[in-house]
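K.L.:
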Amino acid sequence: MAKTNSVAKKAVVAVTGIIMILYLIAHMIGNLKVFAGRESFNGYSEWIRTIGEPAVPAQTTLTIIRIVLLTVVIAHFWAVISLWRQAKRARPNGYVTKKAVAQSYASRTMRWGGVIVGLFIIYHILDLTMGVANPEGPDGTPYDRLVAGFSNPFITAVYVLALVLLGMHLRHGIWSATQTLGQSNKRREKTVNLFALVFSVVLIGGFLIVPFSVLFGLVG
Amino acid sequence: MTATAEGTTFASGTASDPAMAKHDMTLTLRIWRQKGPRDKGRMVTYQVEDISPDMSFLEMLDVLNEKLILAGDDPVVFDHDCREGICGSCGLMINGTAHGRGTSGGPTTTCQLHMRKFKDGDTIDIEPWRATAFPVIKDLSVDRSALDRIIQSGGYISAPTGTAPEAHSILVPKKDSDAAFDAATCIGCGACVAACPNASSMLFTAAKVSHLGLVPQGQPERNDRVVNMVAQQDREGFGGCTNIGECSAACPKGISMENISRLNHDLLGALRAGARPKS
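Order-wise, the sequence lines are chains Y and G. Quick note: the first sequence uses our numbering, first residue 1, plus one each step. Quick note: the second sequence uses our numbering, first residue 1, plus one each step.
Here it is in structure tokens:
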């Protein structure tokens, strides 16, 4: 069914997108622990790895979260790439002159923006989760890695750029998911779009406050 | 004011009002010429003179074609019928927007776009709708039967024939009949597909699904309708919807994006209820 049905594929994109948004909310709030100090932040990182102990072995909860997220990311990409190819086949030869009347910058950058955010996530995991791409290296504590990374304006710039792209992706994504899951109508349209904008700004603002605080020496 | 005075004012106004004077324009047209479905096609430049601002866009093309015929050239083929904005036959990509929506300032069909929206000396690019599902027949004329096949796959209701039933016996809430009528104003011109960056026919299909799905007569086939129409539009080679909104902006009837949401809602519900497309 999903193989031939573009709307069912869209639903996969919407549902996986919502799951990732829920994760992002938790991730953003967790990051703010950095303002409670080194011990609190490192302790939070330790806690994530020990949730459920001793009933379950260490890392069980984290591993489950990682498997769910990986599955969700793969499904999101699979459905989007399949729809992207369908759109390419639907108009292989474009217009000589084409002008947009209604599209937003956010909606126009969904595909390549999504690819860039995907690449950023790989870098981000190598940098702050595994530490192999981090100036502090894999042996430092999470707090040390964070401070070492964001003290470098170039690394901070990469994060800012990727997060702004992610914000735009969410801004159109939230509206699009509401449409795809059939929950929008003329009356709700304005509210949904306003919510998508406010939510994206607050979420991305919450993420950005951490690297900027390190860069400007408020955390260190 | 007396009738005579009014008449006098009107007459003198016509003669002296500078806005009513002739403002004939000379335009450069870059038009897509394609001999047939297999031809590669190319943009060809033409000049037209003495174009009145009161002409419609199609009348301007008529002027060009008369000139081409007199010169022994092949006239530019384009689709048109009622020229009143209600049949959905005409449809051209004008300066990169469907029906010249970027120039018109409001919802329009190509035939209702008037030359007063252009200036003397303008260059106008004119192309056919471009989509795999809309193959070019010749020049600016494309085959839109894909939309007819989407209708055939589910855009109908089953009703017993014979004596017409009493119209008042089925009550329809005003809100529903208004929304159904808004969707039913779709004239199937294909501008939504032409304007969509994905060449998706979602707005068209959504309008048809809404127009029948909102009224009691459309209920028995509601699930099968949406499943079959979406399957058919995928089969025809249209793209998927990414909710950008170019379709609704280009639509001469202003069909809203809420219809797409309604289609999605119906489709997901129908799939959960076990409806599957006919193969």
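From the three backbone atoms N, C-alpha and C, an ideal C-beta is built for every residue, glycine too.
(1) Since T178 of chain Y and V192 of chain Y are thought to touch, with beta carbons under 8 Å apart, how far apart are those beta carbons, to the nearest angstrom?
(2) For Y46 of chain G, list the residues DSSP reports as bridge partners.
(3) List, in chain order, every chain Y residue whose beta-carbon is nearer than 8 Å to that of R116 of chain G.
(4) Relative to the alpha-carbon of V48 of chain G, which residue among G:S104, G:K119 and G:A273 has its alpha-carbon at the smallest distance?
(5) What separation, rounded to the nearest whole angstrom, lies between the Cα atoms of W84 of chain Y and G96 of chain G?
(6) Quick one: which unbroken alpha helix (DSSP H) runs of 4-plus residues sit fully inside the region 162 to 217 of chain Y? Chain order, please.
(7) Using the Cβ count rule (16 or more neighbours within 10 Å means buried), how would you classify K208 of chain G?
(8) Would you tell me roughly how many angstroms separate the C-alpha atoms of S12 of chain G and H114 of chain G, rounded to the nearest one?
(9) Applying the 10 Å Cβ sphere with the 16-neighbour rule, what's the burial state of I29 of chain Y?
(10) Of all the options G:E221, G:N198, G:T45 and G:C87, which has the alpha carbon lying nearest to the alpha carbon of K273 of chain G?
(11) Please tell me whether F238 of chain G has its Cβ less than 8 Å away from any Cβ of chain Y.
(12) Kindly list, in the order they appear in chain G, the residues whose Cβ is closer than 7 Å to that of A100 of chain Y.
(13) Taking Cβ-Cβ distances shorter than 7 Å, what residues in chain Y pair up with N198 of chain G?
(14) Can you pull the chain Y neighbours of G145 of chain G, defined as C-beta to C-beta under 8 Å?
(15) State the start and end residues of the unbroken beta strand (DSSP E) segment that holds T123 of chain G.
(16) Are L24 of chain Y and L203 of chain Y close, meaning C-beta to C-beta below 8 Å?
(17) Is it buried or exposed, G17 of chain Y, if we count other Cβ atoms within 10 angstroms and call 16 or more buried?
(18) Just confirm the distance between the C-beta atoms of I150 of chain G and T185 of chain G, as a whole number of angstroms; I'd bet it's less than 8 Å.
(19) In terms of residue numbering, what span does the beta strand (DSSP E) encompassing I137 of chain G cover?
(20) With A183 of chain G and I255 of chain G assumed to form a contact (beta carbons below 8 Å), what rounded beta-carbon distance in angstroms separates them?
(21) The ligand ZN heavy atoms versus the CB of A71 of chain G: any closer than 7 Å?
(22) Any C-beta of chain Y sitting closer than 8 Å to the C-beta of S261 of chain G?
(23) Taking the alpha helix (DSSP H) that H124 of chain Y belongs to, which residues open and close that run?
(24) With a CB to CB cut of under 6 Å and the five nearest residues on each side skipped, what residues in its chain are close to S210 of chain G?
(25) Note down, in chain order, every chain G residue with its Cβ under 9 Å from the Cβ of K190 of chain Y.
(26) Using DSSP's beta-bridge definition, name the partner residues of I69 of chain G.
(27) Excluding the 5 residues flanking G52 of chain Y on each side, which residues of the same chain have their C-beta closer than 7 Å to its C-beta?
(28) Looking at L203 of chain G: is its Cβ nearer than 8 Å to the Cβ of C189 of chain G?
(29) Taking Cβ positions only, does M43 of chain G come closer than 8 Å to chain Y?
(30) Starting from the beta carbon of Y105 of chain Y, find every residue of chain G whose beta carbon is closer than 9 Å, and list them in chain order.
(31) Specify whether the region 197 to 217 of chain Y and the region 159 to 170 of chain Y touch according to this definition: at least 3 beta carbon pairs, one from each stretch, less than 8 Å apart.
(32) Is the number of C-beta pairs between the region 6 to 22 of chain Y and the region 75 to 83 of chain Y that are closer than 8 Å three or more?
(33) Would you call E66 of chain G buried or exposed, if buried means 16 or more other Cβ atoms sit within 10 Å of its Cβ?
(34) To the nearest angstrom, how far is the alpha carbon of V132 of chain Y from that of P92 of chain Y?
(35) Taking 8 Å as the CB-CB cut-off, is E258 of chain G touching chain Y?
(36) Determine the DSSP secondary structure at H76 of chain Y, reduced to helix, strand or coil.
P.N.:
Looking at the coordinates:
(1) 5 Å
(2) G:L29
(3) Those do not exist, as R116 of chain G stays about 20 Å from chain Y at its closest Cβ, beyond 8 Å.
(4) G:K119
(5) 22 Å
(6) 186 to 215
(7) buried
(8) Reliability of the predicted coordinates at S12 of chain G is poor, the pLDDT of 39 falling under 50, and the value obtained from them is presented with this limitation in mind. Spanning the two alpha carbons is a distance of roughly 26 Å.
(9) exposed
(10) For clarity, residue 273 of chain G is Ala in the given sequence; the question names Lys instead. For the residues G:E221, G:N198, G:T45 and G:C87, the minimum Cα distance to A273 of chain G belongs to G:E221.
(11) yes
(12) E246
(13) A87 and A90
(14) Here the sequence assigns Ser to residue 145 of chain G, which means Gly is not the residue at that position. The premise fails here: S145 of chain G is roughly 16 Å from chain Y at the closest Cβ pair, so nothing lies under 8 Å.
(15) T123 to E127
(16) yes
(17) buried
(18) That pair is no contact at about 17 Å.
(19) V136 to K138
(20) 7 Å
(21) The ligand ZN is absent from the structure shown, which contains no ligands of any kind.
(22) yes
(23) M110 to H124
(24) A183, N259 and R262
(25) By Cβ distance, chain G contributes nothing, its closest Cβ being about 12 Å from K190 of chain Y, past 9 Å.
(26) The partner list for I69 of chain G (beta bridge, DSSP) is empty, contrary to what the question assumes.
(27) T60 and T61
(28) no
(29) yes
(30) Within 9 Å Cβ-Cβ: nothing; Y105 of chain Y doesn't reach chain G, min ~11 Å.
(31) yes
(32) yes
(33) exposed
(34) 42 Å
(35) yes
(36) helix
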